[in-house]
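Asks:
Here it is as structure tokens:
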């Protein structure tokens, strides 16, 4: 009987340890909304900002994850993009960024700007206002 009790205690201890470790690995869902305004050459309305394409991504170690939404700016350059991601607790919070595809009214091929959002302080359910993002054709990474 004593051996059976010891074995039962050992098995229950292993189960509790395993269960506790599993609880620490439950993925955390993140829902994020990012809003702001796009300006070209620091002059709103001077250069075309309507229809500037914006994608929301989560930077990961191997492959970045599209967070599920693509939007285009309105006539004044305003946008609001939302998405979600799931992150392992040991990996820390998500690392969101915007891919902004723009031309600023130029005929040339579109440029892409990667704009990091929120740093390491992103919470699971959050709205971040990035304010005004000024684009320039001089710092253009060609698409």
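Numbering (mature numbering (1 follows the signal peptide of the UniProt record, and there is no 0)), first residue to last: -22 to -1, 1 to 121.
The beta carbon of each residue, even a glycine, is placed where N, CA and C say it ideally should be.
In this text, all values refer to a predicted model and were calculated from it rather than measured experimentally.
(1) Could you check what DSSP says for residue -13 in three-state terms: helix, strand or coil?
(2) Considering only C-alpha positions, which residue in the set 112, 29 and 46 is nearest to residue 59?
(3) One question on the structure: do residue 48 and residue 57 come within less than 8 angstroms of each other, judged by their Cβ atoms?
(4) Return yes when the Cβ of residue 12 is within less than 8 angstroms of the Cβ of residue 106, no when it is not.
(5) Any heavy atom of the ligand SAM closer than 7 angstroms to the CB of residue 82?
(6) If you compare alpha carbons, which of 88, 76 and 6 is closest to residue 42?
(7) Could you tell me which of 78, 89 and 103 sits nearest to residue 110, measuring between CA atoms?
Replies: Reading off the structure:
(1) Numbered from 1 along the chain shown, position 10 holds the residue referred to as residue -13. Any reading at residue -13 is ruled out, since the residue's pLDDT is 41, under 50, leaving its predicted position unreliable.
(2) As a working note, residue 59 is residue 81 in the chain shown. Residue 59 has its Cα closest to that of 46, out of 112, 29 and 46.
(3) To locate residue 48, count along the chain shown from 1; it is residue 70. To locate residue 57, count along the chain shown from 1; it is residue 79. Taking 8 angstroms as the Cβ cut-off, residue 48 and residue 57 do not qualify as a contacting pair.
(4) Taking the first residue of the chain shown as 1, we reach residue 106 at position 128. Taking the first residue of the chain shown as 1, we reach residue 12 at position 34. Yes. Within cutoff.
(5) In the structure shown, the ligand SAM is absent, as is every other ligand, since no ligand is present at all.
(6) Here residue 42 is taken as the residue at index 64 of the chain shown, counted from 1. Considering only alpha carbons, the answer is 76.
(7) On the chain shown, residue 110 is found 132 positions in, with the first residue counted as 1. With distances taken between Cα atoms, residue 110 lies closest to 78.
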